[in-house]
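Asks: First the structure, then my questions, so here it is.
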Amino acid sequence: KKEKLIMLHTLFVFYKLDMIYLNNKKEVTKIRKNILPFTFFIPPSKAKYILEIKTKNNIKIKDKLDF
């Protein structure tokens, strides 16, 4: 319900992916690209939503996404 830090991993993901961090308004605040499979990490900033998508997308900081 609110923005927070969450530890993430890419265990059992067999391809690179991008993590798209969104705030309460569903605006892109951070993009982490080409995350390797079988990686653990703590996000660099709080987010309400984090989208995990395959690389090679056209999303940019400050874009607003609707879902």
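Numbering (my numbering), first residue to last: 5 to 71. Glycine residues also receive a C-beta, built at the ideal position from the N, C-alpha and C atoms. Owing to the predicted nature of the structure, the values given are computational and were not obtained by experimental measurement.
Starting from M11, trace the beta strand (DSSP E) in both directions and tell me its first and last residue.
Replies: Run containing M11: none; DSSP gives neither H nor E here.
Asks: Quickly, what does DSSP pair L55 with across the bridge? List them, please.
Replies: Answer is I24.
Asks: If you run the structure through DSSP and keep just helix, strand and coil, what is V17?
Replies: Coil at V17, not helix or strand.
Asks: In this structure, does DSSP put F42 in helix, strand or coil?
Replies: It is coil, neither helix nor strand.
Asks: So, under 8 Å CB-CB, D70 and V32 are touching, yes? Tell me the CB distance rounded to an integer number of Å.
Replies: Actually they do not touch by this definition, with Cβ atoms about 12 Å apart.
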